[in-house]
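Asker:
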Amino acid sequence: MRHFLATTLAAISLPFGAGLAHADPVPEGTVKALNFTITVKEQTKSQWASTAIARVLKAQCQMVAGPAVQVSWSGMTAEQEASTAQAQANAQAFQQNYAPSDQMMANMQAIMDQCGDDEACMTAAAMKLSQTPEIQAMAAKQQQAKADAAGLTPNLGPARYQMWTSQSCSGSLAVNDSYFTSDPGGEGGYGAYQDTTTAQGEQPIDPQLLHLSAQTDSVGGTTSYRIAAPVSATFATVSSKDGPGSRKIGLLASTALPQELGPLKGILGGKTGPIQGDSGSISVSFSE
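In structure tokens:
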């Protein structure tokens, strides 16, 4: 029925049922290599122990571009929400002002039932219907309807945001850690000892544990990032008390990565200032 009504109204050039505009997507599937470095530095000290850690993740991810969109992954801005609410209100008013009456809809349904799939019959009926007083009254409002139809599309701005996701990653984790323990022992100092254990070296990471997503803003010239990096590796250690050994060490200690980094200046680039934790900091940099 909507198609038949559109055909009828087209005979008098009256706009009907204007919809929301959609941004044309940019070509998808572009692949770019994104390099990034995460540097972790922390120091802790208690009565019986202290640590000093320095860890660096150097990684590269092959990033695949999605379509450009008008709304960021954080949701609409206040301006976009206001524009959308206004467009919805305009749509309700448009429907009230220009929608056909129930009787007109019933007449169209009867014509459709009579014509069936006969396009010639439908066209002839539409031309005849366009001469009725109601349709003519709608035709008299066509200029105002065109102006009102312009308000049915919310102004969400340009398609400025583009999502990038990692399809594969690789990298290595380097550590330079030192762990000092001073155990006072039991009564009378029985079993007391001191030990300094160091862990140094660089090891490849499991690429399945590293995931990166980015959102570029072509208007702002910035990029925001989300990183999942629960990476770890096993490193050789040397203990002043027990000699050589090994230890599994992860990238992060007590300082956590924020859920989102940015927006940082640069398209698929940029760097953070030190992200402070209770006992240290994390720095992150990105570059193509």
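If you number the sequence shown the way our numbering does, the last residue is 292 and the count never jumps. Heads up, the beta-carbon is just placed ideally off N, CA and C, and yes, glycines get one too.
Who are the near neighbours of A218 in its chain, counting only those whose CB is closer than 6 Å to its CB and skipping five residues on each side?
Answerer: Along the sequence shown, one-based indexing puts residue 218 at 214. The residues are W168, T227 and Y229.
Asker: If you pair each beta-carbon of the stretch 55 to 62 with each one of the stretch 180 to 190, do three or more pairs fall below 8 Å?
Answerer: These segments touch.
Asker: Flag N159 as yes when its Cβ comes closer than 7 Å to any non-hydrogen atom of the ligand MN, and as no otherwise.
Answerer: This structure simply doesn't include the ligand MN, nor any ligand for that matter.
Asker: To which residues does DSSP link P248 through a beta bridge?
Answerer: Working through the sequence shown from its first residue, we reach residue 248 at position 244. DSSP, once it has assigned bridges, lists V242 as partnering P248.
Asker: I need the DSSP call for Q207, collapsed to helix, strand or coil.
Answerer: In the sequence shown, residue 207 corresponds to position 203, counting from 1. DSSP places Q207 in strand when its eight states are reduced to three.
Asker: Decide if A37 is buried, meaning its Cβ has at least 16 other Cβ atoms within 10 Å, or exposed.
Answerer: Here residue 37 refers to the residue found at position 33 of the sequence shown. Exposed, because fewer than 16 other Cβ atoms sit within 10 Å of the Cβ of A37.
Asker: Excluding five sequence neighbours on each side, which residues of the same chain lie with their C-beta closer than 8 Å to the C-beta of K275?
Answerer: Numbered from its first residue, the sequence shown carries residue 275 at position 271. Counting only Cβ-Cβ distances below 8 Å, and skipping sequence neighbours, we find L268, S287, V288, S289 and F290.
Asker: For the beta strand (DSSP E) that Q64 lies in, which residues bound it at each end?
Answerer: In the sequence shown, residue 64 corresponds to position 60, counting from 1. A53 to V73 is the span of the beta strand (DSSP E), which, as asked, contains Q64.
Asker: So the candidates are R59, T200 and A82; which of them puts its Cα closest to the Cα of T41?
Answerer: Sequence index remark: in the sequence shown, residue 41 carries index 37 (1-based). The shortest C-alpha separation from T41 is found at R59.
Asker: Does the structure place the stretch 102 to 117 close enough to the stretch 74 to 88 that three or more beta carbon pairs sit under 8 Å?
Answerer: Not touching, per the Cβ criterion.
Asker: For Y197, count neighbouring C-beta atoms within 10 Å of its own C-beta (all shown protein chains included) and say buried if the count is 16 or more, exposed if not.
Answerer: Locating residue 197 in the sequence shown gives position 193, where the first residue counts as 1. Under this definition Y197 is an exposed residue.
Asker: What three-state label does DSSP hand M80 in the structure shown?
Answerer: Sequence index remark: in the sequence shown, residue 80 carries index 76 (1-based). Coil, per DSSP.
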